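In this note's numbering, the protein residues as written are 157 to 442. Ideal Cβ positions, reconstructed from N, Cα and C, are used throughout, including at glycine. All values derive from a computational prediction rather than experimental measurement.
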């Protein structure tokens, strides 16, 4: 079955879907996006993703192209037309099409909206979690507003490619003070020798991940203590466990950092428990 994309009011074959050459997302990276897990044909944590979308749009002063109710219909239609049971749905909103100019275009310029969906084999994610993944560390050279989920991801792309070339799955950005900020497409966590979960505060310097937010609720139910504070690479190397979270990774154990084993080099019980309980507390629309 051919894939279908939604582009500015029309459902079109994915193979020929496109936007105008002067779309500001293409010219300037002037747009935002969201990625939502699809489980059993239903979106996971749609409400939280839409809240973050509105925040990102507000920070960049981009209009929502349609009501949230209408956007929900488009998302569901795209999932259904692509027959996605388990996978993800991606949406991108840009400031629209206008003559290339650094200034904002006329306020009447309609924002552009693209939605795609694709299936993911859950077994592959489970296999990665069962084995654990490796990460490398790279200097954090991104702009300061990484709390906005923009489409300007070139530093992330370069970091992820560096990880791939090193035989790892993810890259952790490290700030000038030697503290881990977040991964190229994930939030970063460690478990201290005393059993406390540590992740960087989301007020600045990282994206407030939706899965990260849900993990706070999971940890509370499992009576695990969380400390929101920066942690160094050295602290991560000495941790009992490490793991990453995202909409498509849930909680995935990290067993190597820069080639050095974490703990006993195998996925630990805390990350396993968080992963096993995540979908019980995530919001799955029916």
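Residue i versus the options, residue with shortest Cα-Cα distance
i, options, result
"residue 393", "291, 189 and 267", "291"
"residue 231", "176, 161, 174 and 263", "161"
"residue 275", "158, 435 and 395", "158"
"residue 170", "209, 222, 179 and 234", "234"
"residue 251", "182, 411, 418 and 399", "182"
"residue 384", "202, 364 and 216", "364"
"residue 302", "262, 336, 360 and 265", "360"
"residue 264", "218, 306, 273 and 305", "218"
"residue 379", "305, 172 and 352", "352"
"residue 244", "281, 436 and 309", "281"
"residue 199", "247, 323 and 213", "247"
"residue 421", "410, 262 and 431", "410"
"residue 403", "187, 229 and 194", "194"
"residue 436", "332, 424, 377 and 225", "377"
"residue 177", "440, 255, 284 and 214", "255"
"residue 228", "296, 203 and 299", "203"
"residue 271", "300, 221, 277 and 298", "221"
"residue 429", "239, 277, 223 and 286", "286"
"residue 165", "226, 354, 330 and 297", "226"
"residue 338", "349, 350 and 354", "354"
"residue 419", "399, 431 and 432", "399"
"residue 356", "350, 332 and 386", "386"
"residue 330", "414, 349, 395 and 283", "414"
"residue 381", "349, 391, 358 and 390", "349"
"residue 117", "175, 391, 431 and 432", "Outside the shown range of the chain, which is 157 to 442, sits residue 117, and nothing can be said about it."
Own chain residues within Cβ distance below 7 Å of residue i, not counting five before or after
i, result
"residue 205", "190, 192 and 366"
"residue 237", "160 and 167"
"residue 305", "188, 189, 190, 208, 212 and 363"
"residue 308", "185"
"residue 401", "342, 343, 345, 365, 367, 368, 371 and 407"
Cross-strand partners of residue i (DSSP beta bridge)
i, result
"residue 416", "413"
"residue 402", "406"
"residue 161", "168"
"residue 435", "Bridge partners of residue 435: none, in fact."
"residue 327", "292"
"residue 387", "336"
"residue 190", "247"
"residue 397", "347"
"residue 200", "440"
Backbone secondary structure at residue i - three-state DSSP
i, result
"residue 362", "coil"
"residue 178", "coil"
"residue 217", "coil"
"residue 338", "strand"
"residue 128", "Nothing can be reported for residue 128: it is not among the residues displayed for the chain, which extend from 157 to 442."
"residue 353", "strand"
"residue 195", "strand"
Sequence-distant residues of its chain with Cβ nearer than 6 Å to residue i (five each side left out)
i, result
"residue 184", "none"
"residue 312", "340"
"residue 426", "347 and 397"
"residue 209", "190"
"residue 197", "241"
"residue 266", "252"
"residue 388", "334 and 335"
"residue 201", "366, 438 and 439"
"residue 113", "Residue numbering for the chain in the displayed model covers 157 to 442; residue 113 lies beyond these limits and cannot be assessed."
"residue 273", "234, 235, 238, 240 and 245"
Contact set for residue i: own chain, Cβ-Cβ below 8 Å, skip 5 residues either direction
i, result
"residue 318", "292, 294 and 327"
"residue 434", "367, 370, 371, 374, 406 and 407"
"residue 324", "289, 290, 291, 292 and 412"
"residue 260", "217 and 251"
"residue 417", "411"
Proximity test, Cβ basis, 8 Å: residue i and chain D
i, result
"residue 312", "Annotation note: the requested chain D is absent from the structure, which comprises a single protein chain."
Alpha helix (DSSP H) runs contained entirely in the stretch 222 to 310, provided each spans 4 or more residues: 224 to 237 and 278 to 287
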